[in-house]
Each structure stands twice: as structure tokens, then as C-alpha cells.
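Student: Have a look at this one.
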Amino acid sequence: MELRCYRKMPPSASPSRGAAFPAPVCSAKLRPMCGRYTLTVDPEEIFDAFDWLERPEEAFFAAEPEWCRPRYNVAPSQPVPVIGQRAKEGELRPPALAWFRWGLLPFWAESAKARKPINARIETVHARNTFRGPFERRRCLVPADGWFEWRKGEGGTKVPHLVRRADRGLFTLAGIWDRWKGEEEVCFGFAILTRDAVGPLEALHPRMPVVVPPELRARWLDPTVDPAADDPRPALLAAGLPEGFEIVRVSTHVNDVRHDDPSAIEEVTIAEAGD
Numbered sequence: 008m009e010l011r012c013y014r015k016m017p018p019s020a021s022p023s024r025g026a027a028f029p030a031p032v033c034s035a036k037l038r039p040m041c042g043r044y045t046l047t048v049d050p051e052e053i054f055d056a057f058d059w060l061e062r063p064e065e066a067f068f069a070a071e072p073e074w075c076r077p078r079y080n081v082a083p084s085q086p087v088p089v090i091g092q093r094a095k096e097g098e099l100r101p102p103a104l105a106w107f108r109w110g111l112l113p114f115w116a117e118s119a120k121a122r123k124p125i126n127a128r129i130e131t132v133h134a135r136n137t138f139r140g141p142f143e144r145r146r147c148l149v150p151a152d153g154w155f156e157w158r159k160g161e162g163g164t165k166v167p168h169l170v171r172r173a174d175r176g177l178f179t180l181a182g183i184w185d186r187w188k189g190e191e192e193v194c195f196g197f198a199i200l201t202r203d204a205v206g207p208l209e210a211l212h213p214r215m216p217v218v219v220p221p222e223l224r225a226r227w228l229d230p231t232v233d234p235a236a237d238d239p240r241p242a243l244l245a246a247g248l249p250e251g252f253e254i255v256r257v258s259t260h261v262n263d264v265r266h267d268d269p270s271a272i273e274e275v276t277i278a279e280a281g282d
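In this note's numbering, the protein residues as written are 8 to 282.
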């Protein structure tokens, strides 16, 4: 399997050659809900945690070495590893990891500068023109080990919090993806699905990303599952938030997207936060 990232299409190459999920080249604007997350492991550790993934060739790691570092403050438009699955000639291919950019550019957009939403509501994803096709045929899993939300504090200030597993383990978020092709570039981007917040997260923000538990991953990924006949959403909504998650307060260091370092996820006390 081969991974390529083109800003200009080479005359002899098709954008679909190589990996099932090629590298993207487009950008997105920050949105307030679930607008940052963490993935503090490298791709090798993702393969260790999800041993059912198809192992790519070394080109996956060599294409952009900078992309492979741990991420403490992932922001929209940035390249991140995403899990997808394709069916070819009726045969289901193994799930694969590839580089996408956070922000979904629909295939029918007039240009690469069109709006690229980073979130999609699970309740209405089937009805929105931007999301309907990706939901029906191009669902994906987004590996993560935390996400940030900002709770309103005294005086209207926004206080950053990190939602993570207490054991610091990896989990997967529900996503959808699309492919846009221009004259000289191809863009692969994704959006994370959100739902009404549940449990302790209700006090943090009215919405939360959809966490896909291990037993529902295969069904969500499978492109042969037709939502019109076998909608995978009710099971995800019923699953809620798996056990073992916690909310910790972090410093405003994370507010700046340029601060992509371990300090972004360090837990702080109220005194340390300066309140």
C-alpha cells in the first residue's frame, strides 16, 4: 500500500492510486464544539492498540515524518491519522489508516476554499446535503486519547477542560469523510460526529463527540452497511459514554493552536489556573 500527497496532480497518476485513503491537502476553519483533540501516540502505537488494522508500507510513515509525532493540541485543517474501510468489486477490504485533514470538503464544492465543517450532528447527518453521501458510504473512525472543551466561568471567561480515559488509553470517535478533486489537487477531509452530551459531560458542554465502543467499530466502518436499511446510529446513541472517562482542568496554554506540546494536557488546580 502506498501513500501520496499531491498539491499538483502528476500527469501519469490517478489520485486514487496507492492507499485507499490518500493524504489530503486542504484546510478548515476552527469551530467552537469539539474543535480540538489529542492523539499523544505515534502511528506505530495506533497499530499496536488496534491490531485489526491493515499494516501499510513504509511510505505511510515516510511521506511526512512531522505528521507522525505525538499531538497534544490537534486543530482543524491539520493532517491526522484516520481509519477507513473500502469495498472493491464487492469485496470488503481490511480497515486501513491514512492521513486526512480535519474539515470535510464535499465532492461537489466549487473550490478548495469552500466551507469545510469539522463537526456533523449525528441526529441530522442523513439529511444534510454536505453529509448525506459520506454518512451512507464513507464512514470512518478517528483515533484519539482526549478532547478539549471550554466551560464558561465567572465573568464569561472560558475555562479549558480535557476529557480523556482515566487509563490514558486510545478510543475512537465516529467520523465521515469525503474526497474533492480539483484541476491540480485532491482533498481528503473528515468531520467528527457530535451528539447531546451525557452523564458528567452535560455540565461541560451541551454537545460531545460520538465515542464508538470497540463492539460497534466494525459496523460503523463497513461501507456495505446501508443506513437506510440498517442504521448504525441508534446503537451508538444507546452506548452513550463508555465507562472510564474523566474530566480534568487544564491551563489556557491550550488556547493557542501553536501550543502543541505536553503542557497543553497538564492538569492544573484552580490556584494554578489563576482563578
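Glycine residues also receive a C-beta, built at the ideal position from the N, C-alpha and C atoms.
Remember, it's a predicted structure, so these values are computed and weren't measured experimentally.
Using DSSP bridges, identify the partner residues of Ala-181.
Tutor: Locating residue 181 in the sequence shown gives position 174, where the first residue counts as 1. Leu-148, per the DSSP bridge assignment.
Student: Just to confirm my understanding: we take Thr-137, look at its own chain, exclude 5 residues before and 5 after, and list those with CB closer than 6 Å. What are they?
Tutor: As a first step, residue 137 must be located in the sequence shown, where it is residue number 130. These residues qualify, in order along the chain: Pro-113.
Student: For the alpha helix (DSSP H) that contains Pro-73, what are its first and last residues?
Tutor: For the purposes of this step, residue 73 is identified with residue 66 of the sequence shown, where counting begins at 1. Going by the sequence as given, residue 73 is Glu instead of Pro. Run containing Glu-73: none; DSSP gives neither H nor E here.
Student: To which residues of the same chain is Leu-211 closer than 8 Å at the C-beta, ignoring the five residues directly before and after it?
Tutor: For this step, residue 211 is matched to residue 204 along the sequence shown. Cβ within range, chain order: Glu-156, Arg-158, His-168, Val-170, Ala-204, Ile-254.
Student: Val-89 and Gly-182 - do their beta-carbons sit closer together than 8 Å?
Tutor: Against the sequence shown, residue 182 aligns to sequence position 175. Against the sequence shown, residue 89 aligns to sequence position 82. Going by C-beta atoms, Gly-182 is nearer than 8 Å to Val-89.
Student: Using only CA atoms, which one of Thr-276, Leu-180, Phe-195, Ala-225 lies nearest to Trp-106?
Tutor: Looking up residue 106 in the sequence shown gives position 99. That would be Phe-195, whose Cα lies nearest to the Cα of Trp-106.
Student: Arg-186 bridges to which residues according to DSSP?
Tutor: Locating residue 186 in the sequence shown gives position 179, counting from the first residue. BP columns for Arg-186 point to Phe-195.
Student: Which value, in whole angstroms, describes the spacing of the CA atoms of Ala-35 and Leu-228?
Tutor: As a first step, residue 35 is located in the sequence shown; it is residue number 28 there, counting from the start. As a first step, residue 228 is located in the sequence shown; it is residue number 221 there, counting from the start. Legend: pLDDT at Ala-35 = 34, less than 50; position of this residue unreliable, no value from coordinates given.
Student: By Cβ distance below 8 Å, which residues in the same chain neighbour Ala-173 in space, the five residues on each side in sequence not counted?
Tutor: In the sequence shown, residue 173 corresponds to position 166, counting from 1. Gly-251, Phe-252, Glu-253.
Student: Rounding to the nearest angstrom, what Cα-Cα distance links Trp-184 and Asp-233 in this structure?
Tutor: Reading the sequence shown from its first residue, position 177 is the one you call residue 184. Reading the sequence shown from its first residue, position 226 is the one you call residue 233. Answer to the nearest angstrom: the Cα atoms are 16 Å apart.
Student: So, at 8 Å on beta carbons, what are the nonlocal neighbours of Cys-33 in its own chain, with the 5 sequence-adjacent residues on each side left out?
Tutor: Translated into the one-based positions of the sequence shown, residue 33 becomes position 26. Only weak support exists for where Cys-33 lies, its pLDDT of 34 falling under 50; the value from the coordinates is given anyway. Same-chain partners within the cutoff: Ser-84, Arg-108, Gly-110, Leu-112, Ala-119, Lys-123, Trp-187, Glu-192, Cys-194, Gly-196.
Student: Contact check, Val-132 vs Thr-179 under 8 Å by CB: the rounded distance?
Tutor: Position 125 of the sequence shown holds residue 132. Position 172 of the sequence shown holds residue 179. Contact flag wrong, Cβ pair sits at about 17 Å.
Student: What first and last residue would you give for the alpha helix (DSSP H) that runs through Pro-221?
Tutor: Your numbering for residue 221 matches position 214 in the sequence shown. Its alpha helix (DSSP H) spans residues 221 to 228.
Student: Classify Asp-55 as helix, strand or coil using the three-state DSSP reduction.
Tutor: Within the sequence shown, residue 55 is the residue found at index 48, counting from 1. Looking at Asp-55 - three-state DSSP - the assignment turns out to be helix.
Student: List the residues that DSSP assigns as beta-bridge partners of Ile-90.
Tutor: Indexing the sequence shown from 1 puts residue 90 at position 83. According to DSSP, which records beta bridges pairwise, Ile-90 is partnered with Leu-104, Leu-148.
Student: Measure the C-alpha to C-alpha separation of Arg-100 and Gln-92 and round it to an integer number of angstroms.
Tutor: In the sequence shown, the residue the question calls residue 100 occupies position 93. In the sequence shown, the residue the question calls residue 92 occupies position 85. Answer to the nearest angstrom: the Cα atoms are 6 Å apart.
Student: Give the secondary structure of Val-257 by DSSP, where H, G and I count as helix, E and B as strand, and everything else as coil.
Tutor: Numbered from 1 along the sequence shown, position 250 holds the residue referred to as residue 257. It is a strand residue.
Student: Quick one: what does DSSP say Gly-64 is sitting in, helix, strand or coil?
Tutor: The residue you call residue 64 lines up with position 57 of the sequence shown. Just to set this straight, residue 64 is Glu in the shown sequence, not Gly. The three-state secondary structure of Glu-64, taken from DSSP, is coil.
Student: Consult DSSP for Glu-209 and reduce its assignment to one of helix, strand or coil.
Tutor: Here residue 209 is taken as the residue at index 202 of the sequence shown, counted from 1. It is helical.
Student: Which value, in whole angstroms, describes the spacing of the CA atoms of Leu-177 and Glu-51?
Tutor: Here residue 177 refers to the residue found at position 170 when the sequence shown is read from its first residue. Here residue 51 refers to the residue found at position 44 when the sequence shown is read from its first residue. The alpha-carbon atoms of Leu-177 and Glu-51 are separated by roughly 13 Å.
Student: Could you check what DSSP says for Ala-82 in three-state terms: helix, strand or coil?
Tutor: The sequence position of residue 82 within the sequence shown is 75, counting from 1. Collapsing the DSSP output to three states places Ala-82 in coil.
Student: Please classify Leu-244 as buried or exposed, where buried requires at least 16 neighbouring CB atoms within 10 angstroms.
Tutor: The residue you call residue 244 lines up with position 237 of the sequence shown. Burial call: exposed.
Student: Could you give the distance in angstroms between the alpha-carbon of Ala-246 and the alpha-carbon of Phe-54?
Tutor: Position 239 of the sequence shown, counted from the first residue, corresponds to residue 246. Position 47 of the sequence shown, counted from the first residue, corresponds to residue 54. Whole-angstrom Cα-Cα distance: 25 Å.
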